[in-house]
Each structure stands twice: as structure tokens, then as C-alpha cells.
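Working notes for the structure below.
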Amino acid sequence: MNQAFPDEGNRVEIYTNGYAKLQALLRELKKARHHIHMEYYLIEDDATGRLVRDVLIEKAKEGVEVRFIYDDVGCWTLKKAFTRKMRDAGIEVQAFLEVRFPLFTSKVNYRNHRKIVVIDGHIGFVGGMNLAERYVHGLSWGIWRDTHILLEGKAVHGLQTAFLLDWYVVSHTLITSSEYFPSVKRCGNALVQIVTSDPVGRWKEIMQGIILAISG
Numbered sequence: 000m001n002q003a004f005p006d007e008g009n010r011v012e013i014y015t016n017g018y019a020k021l022q023a024l025l026r027e028l029k030k031a032r033h034h035i036h037m038e039y040y041l042i043e044d045d046a047t048g049r050l051v052r053d054v055l056i057e058k059a060k061e062g063v064e065v066r067f068i069y070d071d072v073g074c075w076t077l078k079k080a081f082t083r084k085m086r087d088a089g090i091e092v093q094a095f096l097e098v099r100f101p102l103f104t105s106k107v108n109y110r111n112h113r114k115i116v117v118i119d120g121h122i123g124f125v126g127g128m129n130l131a132e133r134y135v136h137g138l139s140w141g142i143w144r145d146t147h148i149l150l151e152g153k154a155v156h157g158l159q160t161a162f163l164l165d166w167y168v169v170s171h172t173l174i175t176s177s178e179y180f181p182s183v184k185r186c187g188n189a190l191v192q193i194v195t196s197d198p199v200g201r202w203k204e205i206m207q208g209i210i211l212a213i214s215g
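Numbering of the sequence shown is given in numbering that gives the first Met the number 0, commencing with residue 0 and proceeding in unit increments.
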């Protein structure tokens, strides 16, 4: 599928509680020594968004490379001051496919809903939870139910590849150094395949993968 191969020997933690996921993310971000790559559809200027942003700023000041992609439509209401503070600290920040009035094109709906985190090339996060209070504490009508995973092992290289391809799209900078794909020891028993999908092309890779898995 998608030229993505399954990798053995991974460790997976599943989160369905937003607070637990946030605490795990903050814990792993604080351990970063070389780089942090983050890509989110949505980050809000609220307690959760500022908490994550401030940890990234702290790590950047320590000398850790930090790159952050946000979706321009998902973060439509995010003030420039929020990302300016990140850039001033040395974080590389890019918006995915910026939308500018009145220059709409057929690609205006090509939005990036990915939620990817890669830390030092061997810890990753992926799933459905954005960086906002409602994913942590819910809304007036109840808890926001979603799923996220922490991934440790060689399969993180698949997340890294997905991020770096998107980074090339938004920054026109190609990053291929082996330091972003370090040797990873077996750390669990999970077989993991990272499959990506996009609006271009006839094949719906993720849907096909689910159908194949169900059919056996």
C-alpha cells in the first residue's frame, strides 16, 4: 500500500483521553535532544495550544531543531502573534497551502488534516486529536472522543517521511539526512504500517488498506 512497508518491533500506546495524550506528548517533547517535527491541522491560542507552544520554544532555545506545519484554513482564526513568538525563538513555522483572498483556486480545499509528531526520529505521535482545549477537556455538551497513538520504533520513519514530504511542499527545502532516520532498536511486538493519502490520484490508499485488512 502506498509503497509503505510494515515494520516489526514497534511499541504502541493508544490514547482515547485527550488529557492523557497531552501529558504524554509534553513528556516526550521535553526529552527531545536533536529535533522536533510537528504537523497539525489545528492549534488554538488557548491553554493547551500555549502550553505546547511554550515547550517548543523552550526546546528551541536549548538548541533543538523545531519545525512546525499548521493548516492555513484549520488555523484561520489563529493570530499572527502566536506563530511570531515561535519564529522569534528560532522555530521554523510554515502554513500549509496558504489561502489568500481573492486568489481562490481549485486547491483551496486541499487541506492538511494530519496530526504528526516526530521526536529525534524514534518517537512519534499520530491520530485524530488537534492541539486545543476542547480535545483535552471537552465542550459544554460532553467529552470530545478521539483516538491518538504514541509510536516508538522503526515505523516512526514512516511518519518522518510523511512530515518531510509536506515540509518540502511548504518550504521548498528537501531534508534527507540520515540523522533524521536514526537506527532504531526493537522496542516492542507491534507490526505497524504508515499509509498516507492525499487528494491527488485515483487510489484511496487508506480505505483500500482497511478493506484489505477486513477481507483478510
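Note that beta-carbon positions come from the ideal geometry of N, C-alpha and C, so glycine has one too.
| Query | Result |
| --- | --- |
| Member of Pro5, Arg10, Phe4 whose CA lies at the smallest distance from the CA of Lys184 | Arg10 |
| Boundaries of the alpha helix (DSSP H) in which Asp165 is found, first to last residue | 155 to 170 |
| Rounded straight-line distance, which links the Cα of Leu138 to that of Asp119 | 34 Å |
| Residues sharing a beta bridge with His121, DSSP | None, per the DSSP bridge assignment. |
| Of the residues Val51, Arg26, Tyr167, the one placed nearest Met85, counting alpha carbons only | Val51 |
| Distance between Tyr39 and Val169 (C-alpha atoms, nearest Å) | 14 Å |
| Extent of the continuous alpha helix (DSSP H) to which Phe95 belongs | Where Phe95 is concerned, there is no enclosing alpha helix (DSSP H), although the beta strand (DSSP E) it sits in stretches over 91 to 95. |
| Gln22 classed as buried or exposed, judged by whether at least 16 other C-beta atoms fall within 10 angstroms | exposed |
| N-terminal and C-terminal residue of the alpha helix (DSSP H) that Ile35 is part of | Not the alpha helix (DSSP H): Ile35 falls in the beta strand (DSSP E), residues 34 to 39. |
| When Thr76, Val72, Arg32, Ala94 are compared against Val65, the one with the closest alpha-carbon | Arg32 |
| 8 Å contact criterion, which Leu58 and Ile35 should meet: CB distance rounded | What sits at residue 58 in the sequence shown is Lys, not Leu. With 8 Å as the limit, Lys58 and Ile35 qualify as a contact, their Cβ atoms being about 6 Å apart. |
| Coarse secondary structure for Phe81, derived from DSSP in three states | helix |
| Local conformation of Ala3 per DSSP, three classes | coil |
| Cβ neighbours of Lys20 in the same chain (closer than 7 Å, five flanking residues each side left out) | Tyr14, Met128, His147 |
| Assigned secondary structure, Asp218 (DSSP; H/G/I helix, E/B strand, else coil) | This structure cannot speak to residue 218, because the chain is shown only from 0 to 215. |
| Per-residue DSSP class, three states only, for Val135 | helix |
| Through-space distance from Gly215 to Val63, alpha-carbon basis | 43 Å |
| Between the CA atoms of Leu130 and Lys60 - distance to the nearest angstrom | 22 Å |
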